[in-house]
Each structure stands twice: as structure tokens, then as C-alpha cells.
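Here the protein sequences line up with chains R and W, keeping their order. Under this note's numbering, think of the first position of the first sequence as 255, with each following residue one higher. Under this note's numbering, think of the first position of the second sequence as 20, with each following residue one higher.
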Amino acid sequence: MALEENLSELEVREGVDRETIETVHAMSGKYKHGWETEIEMEFAPKGLNEDIVRLISAKNDEPEWLTEWRLAAYRRWVEMTEPTWAMVDYPEIDYQDIYYYAKPKSMEVKPKSLDEVDPKLLATYAKLGIPLKEQALLAGVEGAEPARPVAVDAVFDSVSVGTTFQAELAKAGVIFCSISEAVREHPELVKKYLGSVVPQSDNFFATLNAAVFSDGSFVYIPEGVKCPMELSTYFRINAENTGQFERTLIVAEKGSYVSYLEGCTAPKRDTNQLHAAVVELVILEDAEIKYSTVQNWFPGDENGKGGIYNFVTKRADCRGDRAKVMWTQVETGSAITWKYPSCILRGNESQGEFYSIAIANNAQQADTGTKMIHLGKNTRSRIVSKGISAGKAQNTYRGQVTMHPKAQNSRNYTQCDSLLIGDQCGAHTVPYIEVKNNSSRVEHEATTSKVDDDQLFYCRSRGMDEEEAVALVVNGFCKEVLQALPMEFAMEAQALVAISLEGSVG
Amino acid sequence: MSRSASKGLWANIMLNIKNLHVKLEDEDKVILRGVDLTVEAGKVHAIMGPNGSGKSTLSYVLSGRDGYEVTDGSAELEGEELLDMDPEERAAAGLFLAFQYPVEIPGVGNMTFLRTALNAQRKARGEEEVSAGDFLKLVREKAASLKIDADMMKRPVNVGFSGGEKKRNEILQMALLEPKMCILDETDSGLDVDAMKLVADGVNALRSEGRGFLVITHYQRLLDHIKPDVVHIMANGRIVLTGGPELALEVEKNGYTDILAGVE
Ligand SMILES: Nc1ncnc2c1ncn2[C@@H]1O[C@H](COP(=O)(O)OP(=O)(O)OP(=O)(O)O)[C@@H](O)[C@H]1O
Ligand SMILES: [Mg+2]
Numbered sequence: 255m256a257l258e259e260n261l262s263e264l265e266v267r268e269g270v271d272r273e274t275i276e277t278v279h280a281m282s283g284k285y286k287h288g289w290e291t292e293i294e295m296e297f298a299p300k301g302l303n304e305d306i307v308r309l310i311s312a313k314n315d316e317p318e319w320l321t322e323w324r325l326a327a328y329r330r331w332v333e334m335t336e337p338t339w340a341m342v343d344y345p346e347i348d349y350q351d352i353y354y355y356a357k358p359k360s361m362e363v364k365p366k367s368l369d370e371v372d373p374k375l376l377a378t379y380a381k382l383g384i385p386l387k388e389q390a391l392l393a394g395v396e397g398a399e400p401a402r403p404v405a406v407d408a409v410f411d412s413v414s415v416g417t418t419f420q421a422e423l424a425k426a427g428v429i430f431c432s433i434s435e436a437v438r439e440h441p442e443l444v445k446k447y448l449g450s451v452v453p454q455s456d457n458f459f460a461t462l463n464a465a466v467f468s469d470g471s472f473v474y475i476p477e478g479v480k481c482p483m484e485l486s487t488y489f490r491i492n493a494e495n496t497g498q499f500e501r502t503l504i505v506a507e508k509g510s511y512v513s514y515l516e517g518c519t520a521p522k523r524d525t526n527q528l529h530a531a532v533v534e535l536v537i538l539e540d541a542e543i544k545y546s547t548v549q550n551w552f553p554g555d556e557n558g559k560g561g562i563y564n565f566v567t568k569r570a571d572c573r574g575d576r577a578k579v580m581w582t583q584v585e586t587g588s589a590i591t592w593k594y595p596s597c598i599l600r601g602n603e604s605q606g607e608f609y610s611i612a613i614a615n616n617a618q619q620a621d622t623g624t625k626m627i628h629l630g631k632n633t634r635s636r637i638v639s640k641g642i643s644a645g646k647a648q649n650t651y652r653g654q655v656t657m658h659p660k661a662q663n664s665r666n667y668t669q670c671d672s673l674l675i676g677d678q679c680g681a682h683t684v685p686y687i688e689v690k691n692n693s694s695r696v697e698h699e700a701t702t703s704k705v706d707d708d709q710l711f712y713c714r715s716r717g718m719d720e721e722e723a724v725a726l727v728v729n730g731f732c733k734e735v736l737q738a739l740p741m742e743f744a745m746e747a748q749a750l751v752a753i754s755l756e757g758s759v760g
Numbered sequence: 020m021s022r023s024a025s026k027g028l029w030a031n032i033m034l035n036i037k038n039l040h041v042k043l044e045d046e047d048k049v050i051l052r053g054v055d056l057t058v059e060a061g062k063v064h065a066i067m068g069p070n071g072s073g074k075s076t077l078s079y080v081l082s083g084r085d086g087y088e089v090t091d092g093s094a095e096l097e098g099e100e101l102l103d104m105d106p107e108e109r110a111a112a113g114l115f116l117a118f119q120y121p122v123e124i125p126g127v128g129n130m131t132f133l134r135t136a137l138n139a140q141r142k143a144r145g146e147e148e149v150s151a152g153d154f155l156k157l158v159r160e161k162a163a164s165l166k167i168d169a170d171m172m173k174r175p176v177n178v179g180f181s182g183g184e185k186k187r188n189e190i191l192q193m194a195l196l197e198p199k200m201c202i203l204d205e206t207d208s209g210l211d212v213d214a215m216k217l218v219a220d221g222v223n224a225l226r227s228e229g230r231g232f233l234v235i236t237h238y239q240r241l242l243d244h245i246k247p248d249v250v251h252i253m254a255n256g257r258i259v260l261t262g263g264p265e266l267a268l269e270v271e272k273n274g275y276t277d278i279l280a281g282v283e
């Protein structure tokens, strides 16, 4: 009896701690993609040196210029130091303790068609809800709208498993394949554009990627072509202690259009894993690219053990006049997110947009934002960032807007909203604004608020449980960004927002 | 059930509040000082009372809002203790509060909100979710009777709604959720004459054998439309007087001072 009283008194006194513990319990096991595929793998030896770089290049049957390109990057990288300016804190990464190449043994001989792909790999994607059959709809995406086909390139650790709808896309002149295939089949295009947006030595992580990138997607949309379907790449990290270094290159010729989406997941592990990707978009006159990301890498456990270190360089170059790019990202996973999809608005009247939802829960740390570099006249950019922090997470928006002297009459509008759930998390906004001409205008609005108790109570009094209420309110907060996603993925993203916040209250 | 049965032993008790004492959680401020109130199924009870007497607090405590501490007493819905339940459990058990100040939820469509709420309750009761099609039909029908147009259903919950629109929206939620026990907190305030009639019609349409109502109001005008069976006067955190519809008329005519002077 006395013990019971003591316990309940303790519980009352330490209510906050108890809540935290319960949160943690509720949270673990909620990551839906944390399972592992048991499959025989072939690894390159651990660690990084010139031999490994050569080996990766050889595995991909690359021409010599590319091997040399990689080696040049490697030699630069050795001289570089890891950046420390981001508001993220993590133990030093031992770059010699990572596998830089991992490939399922069954992929040793590249399957000629998807029918020949190892059933275990097919089952992996099926379980993730990614259709590798050429069917019309992503599994798990609800909606009464008529289904549109989505072409998928599936990347498993270091290799592309297969790409769907290639034949149909080819009819429209669209090339959609893994980058290693592009190197073999379309070397002239790859040589022309690779590294032209994110130079080899751009930054520490991009340079590392240039040295060791293994696979990723390549898209080429010829002049005047509107890509007949959504394109997507699904990245899966499976092997332990393995880095994923994918490289994506999309070229939109004059007057063309494509909408592209990438999704990412990884198994739950208590060790950290490195992901350092580079994405380059080349957009010529009157062309438009919509690039959407639903990033759901394993975020680590409640104490920050495990999870993906996500260091990504993404950049779009609006090379032609009136070129348009729209980045939309839903960043819910990863232990560390370091990512600033950027727009170089070189062409006159070119436009860049960045819509972002970044959720950091438990011990996650996100430092993400964008750069809008206005070089051409009458260029426009718009930034809408929604940061949600819960648990003990830290969430930073870092954004740069630069109006160069020649970017006459250009405009930027930035709206940056932060939402806090609980009182142990943090939200930070770090804008850099540089205006070097008199005719351009930059507007920046920022808000920070706590999730509103009255709103939650209102929802609950109508029958929703607390998590459902939070999900609903947060989805409302993110609405503008969710609406920017292709319809096929909006539902999925909405559900993901809810799942990532499970356990963040009560 | 005949009218006379309501006063007899046969009446089904819907809501039974006994000796309810409530203070603010963070302050030593006592708001409810022993509320006793019983609402039978099929009956409409009205609560009137001066500003600050504790009417909204009672409705919040019944629906489970944070910030209050129940120091004594109980409140049962059909014999089940409400005060032990989470707000959503109370909702699923059949309790509904039409808020005095409905809350705005930016970015969440009214339709989405309603469907999420309805399905959450159905799920909690082990019932099947309503399909999108059936739901749409249901909402259209109920919205039309409250003269709520389609545009309002697409807009975010209560955002930019006029005062009257917010109140009608509350009644729409009530009509859809079909609760057993409806508490209306000053749903009439801010309504024009026509809207008041719509809301009253909405309430009257829901009146049934199996449903109880607790209508908090300052004005006889609403009670002209929604004829209460019982009228209570709340003052200083207590029900101090209970009577028939004539009590509301007396308040309207003479104000509280005389009435309260009589009981204190
Ligand atoms: N959270 C709170 N903090 C401080 N005081 C509160 C709080 N909630 C209620 N009160 C006080 O409790 C008393 C009762 O308030 P309540 O809103 O229940 O009154 P009411 O009868 O609904 O009044 P009205 O007719 O004006 O709506 C008031 O004095 C009010 O100021
Ligand atoms: Mg009130």
C-alpha cells in the first residue's frame, strides 16, 4: 500500500519523465520500413582508397574518362575537411569503416528484364509498396482519381535492380535508366552534363560522392516532350555498415516537362549509416522539372542510436530563359539531415520554387533549406518551409537568397514556419540574404508556434485520439507543401507525416 | 415514453452529475462547488446563469479538457464514469459539446475533419468506417438543412467563418456524429434571427427518445424554439434553482438579482 502510494506520487512528480518514457515506447517499432532483406551480398573491401574507386568504376564497366574523373574527385576529397557550420552534432565518421560498394550476388549478371530479377529483391519492393510490375498505381496510395502509371527505378544498396516502363517512355523519346546504364548506353549525354551543375569539388560530401557514386537514376527529356508519366526512383539501403552514394542526373531539353519523385527507406539498425547523394538538374529554355522527395530513411531510435546520416547536395541549374524548377521535399527520416536543394536562376525570367516539410522527432537533427541564386533578369523564387520539431529534436531552416547585380527586377518570397511539439525540442531559422542590385526585392516571413492545445482538444472532443489529432493539425500546418506534391504521393506523404510524429505527445 | 414518465422513476438517466467540485489545475481557484444535475434521455435541460458562474467550465470538464482538477464528485454517462475517460473516449461514448468558441484549424478541410472524427468514433465503437461516397451524401443532406453551402465544407475548419457560421458548423458536426448527450454552450449567441431558427430546427430534428440535451443559454429567444423540459439556474459554481420553462421567462423578465436573492 505504502509502496503503491509512493509510486503514484513519484509518477505524478515525474510525470514529464514518465511521458517521455511512454513516448519512447510508443515510438519504437513505429518505423514501418525497418525490416531487412536477407540476401547474399557482394561487398568491396571496407574503407576508401584509389583501388576502391577503381573497383567501383570497373564494376560499372565505365570508360576511362569516368574512372579518371572519379580519381580526381577522390584526390580532392582527401585534401578536404568535413564542414561543421550546420547545426548538427554527431560523432566523427570513420570513413575507413564503411563499405563503399554492396551488391546482391544475384545482380552479378544484370537481369535482362524485370522478370529475371531475384524474387527476393522483387519481394522487397513489393513489401515496401513499390510496384516493379508495370501496373498503374502505387500500392497504398488511396484515391478515387483515375490511376496514372508511375515508372520506377529501384536502387538496392549500390545497384539499380530494374527500371519499369522503359519501352513505353522510349516511344516518347524519354530516357529513364540507372546512371550506370546511362554511362554505357548514352555516354555522350552523361559526359556532357555530369558534374556540370554540382562540380566534382563542390563540397566535402559531393566530392566524396563523385569519387564513389555507385548508382542512381538518369533522365533525359528531349526537346518539346512532356514526359507521359511520373518518374520515380526508390532508394533502399539494406546492407549493414554500407554507405549509399547515389547520383541522379536529369536533363530537360528546351520546352520539355517532367515530374520526378524519389523515395528512400532503410532497415532499423543501431549503427549509423552514411548516405551522401548528389542530384543535378539541367533545365533548358522553357523547360520545367518538378522534383519531389519523400525521405524516410531510418531516423534512429529514441536516444539517437542508429539512423542514417543524410548529407545530400541537390542543385538545379535553370540554364535557359523561362526555365522552371520546383523542389518539394518531405523529410521525415534520417538521424541527421544536411540538405539544401538549390536553384541557380541563370536564364532570364527563370523560376525556382522550394517547398519543404522537415520533421524532426526524438533525437533527430535536421539542418535543411535552400539556396536561390538569382543571376538572370526578372527571375522569381519562392520558398515555403514548414519545420516540425518534437521530442528532443533540433530543426534548422537554413536558406540563402542572393540577387546578383545583373538579376534586375527579380523577386523572392520566403515563408518559413516552425511548429514545436513539447518543450524539449528546438527550431532555428538562419536566413542569409544578399541583394546586389536596386530593382530586386526579397521578402522573408518567419513564424514559430507551439502546437495549439485548444486545437488538439477540439479534435479529441470529436473523437480523434491524441496522435490522430496531432497528425491532423500538423498536416494542416503543412498543407501548402503537401499540395505541391504529385497527387499520387500526397496521400502517402500525409500518412508519413502522421507516422513520424507518432508518440510525440502524451 | 409519456411526458409524465419523465418525472417518474422510469426515466432513463443519460447524464448524472453528482456533487461536482472543480478547481483550476494551476491555481487555487475553485470554479464548480458541488454541481448536481441529472438529464434524462429524451429530455432537454437548459442552464442559465450569470456570466462567470461556471457554465462553460462545467461543459469543458464534462468533455475532458485539460487544466481543471476535479476535487470531488462524479459525472456518469449512461452509468459510465466520464471523468475517468479521455476526451475521445467520451466522444465515442456519445458525449458532444458544441463549443461556445469553436476552434479554427488552419489547413484542415472541414470535410476531412468531419470524416476523420466520424470514423474515429466508429472505429472506437467497433463499427465500420463510412465510405467516402456515403459520407458525402450524408454531409450534403445535413449541411443543406442547416443552409451550410458546399464552399464552407471545403474551407479549413472554422477559419474565416463568421460567428454564426461557426455555430451552425457545430450543429452540423452534432447532426453527423449523432451523439447521445448533446451539450450546447451558447450556441445561440452571435446568431441572427434566421440562423437561430435553423439551429433550433437542427436541434429539434435530433430530439429523440434516446438523446439528452443540455442547452446553455442567456436568452429566452432560443428556448422559444427549443422548448426545454427543465430549466436550471447556475450561480457561483452551483445549480441553485431548478424549474420548468417558466423559470427562463422569469429570468428574461426580471434578471438574476431577484431570483438569486430569493435562493441565497
Ligand atoms: N483557465 C482559466 N483560468 C482562469 N480563470 C478561469 C479559467 N477558466 C475559467 N475561469 C474562471 O472561472 C469562472 C467561470 O468561467 P466560465 O467560463 O465557466 O463561466 P460561464 O458561466 O460560462 O460564463 P459566460 O456566461 O460569460 O460564458 C470565471 O470567473 C472565469 O474567469
Ligand atoms: Mg461560458
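C-beta atoms are modelled at their ideal positions from N, C-alpha and C, and glycine is treated no differently.
For N463(R), the enclosing alpha helix (DSSP H) has its first and last residue at F458 to V466. Residue-level contact check: E722(R) touches chain W, since one or more beta carbons of chain W fall below 8 Å from its beta carbon. Judged by DSSP secondary structure, I306(R) falls within the alpha helix (DSSP H) whose first and last residues are E304 to K313. Boundaries of the alpha helix (DSSP H) around W319(R): E318 to E333.
Taking each of T417(R), H440(R), V332(R) and S643(R) in turn and checking the Cα distance to G676(R), the smallest one comes out for S643(R). Distance from the CA atom of E147(W) to the CA atom of E46(W), rounded to whole angstroms, is 43 Å.
Cα atoms of L268(W) and L739(R): separation of roughly 58 Å, rounded to the nearest angstrom. In summary, the residues of the stretch 725-756 of chain R whose CB is separated from some CB of chain W by less than 8 Å are L726, V727, N729, G730, F731, C732, K733 and E734, in the order they occur in the chain. Put simply, the CB of I124(W) is near chain R, with a gap under 8 Å to one of its CB atoms.
Where Y514(R) is concerned, the enclosing beta strand (DSSP E) starts and stops at Y511 to T519. Contact residues of ligand 1 (beta-carbon closer than 5 Å to any heavy atom; chain order) are I50(W), N70(W), G71(W), S72(W), G73(W), K74(W), S75(W) and T76(W).
The beta carbon of H251(W) sits closer than 6 Å to those of I66, I258 and T261, all from its chain and outside the five residues before and after it, given in chain order. When L750(R), E477(R), E603(R) and M334(R) are compared, the shortest CA-CA separation from Q583(R) is found for L750(R). Distances taken from the Cβ of D47(W) to the heavy atoms of ligand 2 include none shorter than 7 Å. Within its own chain, the residues whose Cβ lies closer than 8 Å to the Cβ of E88(W), once the five positions on either side in sequence are excluded, are V41, K42, L43 and E44, listed in chain order. Shown in chain order are the members of the stretch 94-105 of chain W whose Cβ falls below 8 Å from a Cβ of chain R: D105. Using a Cβ distance threshold of 8 Å, A60(W) and G231(W) count as a contacting pair. Secondary structure remark: continuous beta strand (DSSP E) runs of at least 3 residues inside the stretch 40-113 of chain W, in chain order: 49-59, 63-67 and 87-96. Rounded to whole angstroms, the Cβ separation of K161(W) and L195(W) is 6 Å, and the two are in contact under 8 Å.
Bridge pairing for H251(W): I66(W) and T261(W) [DSSP].
Listed along the chain, the chain R residues whose CB falls inside 7 Å of the CB of Q140(W) are G717. Closer than 9 Å at the C-beta level to chain R, one finds these residues of the stretch 77-89 of chain W: Y79, S82, G83, R84, D85 and G86.
Taking a beta-carbon distance threshold of 8 Å, D707(R) counts as an interface residue toward chain W. Distance between Q119(W) and K48(W), taken at the CA atoms: about 22 Å.
Between E184(W) and chain R, the shortest Cβ-Cβ separation is not below 8 Å. Just so you know, the alpha carbons of T335(R) and R109(W) end up roughly 58 Å apart. Of the heavy atoms belonging to ligand 2, at least one sits nearer than 7 Å to the Cβ of D204(W). Taken atom to atom, the span from the alpha-carbon of N616(R) to that of G68(W) is near 47 Å. Here V212(W) is exposed: its Cβ has fewer than 16 other Cβ atoms, across all protein chains shown, within 10 Å.
The beta strand (DSSP E) runs lying completely inside the stretch 680-754 of chain R and spanning 3 residues or more are 680-689 and 695-704, given in chain order.
Where D671(R) is concerned, the enclosing beta strand (DSSP E) starts and stops at R665 to L674. Under DSSP, the beta-bridge partners assigned to N564(R) are H529(R) and T591(R). The beta-carbon separation of V689(R) and M741(R), rounded to 37 Å, does not stay under the 8 Å limit for a contact. In its chain, beyond the 5 residues on either side, L368, V371, L376, Y379, A380, V406, A408, V415, G416 and T418 have a beta carbon closer than 8 Å to the beta carbon of L386(R). Taken atom to atom, the span from the alpha-carbon of V307(R) to that of T622(R) is near 29 Å.
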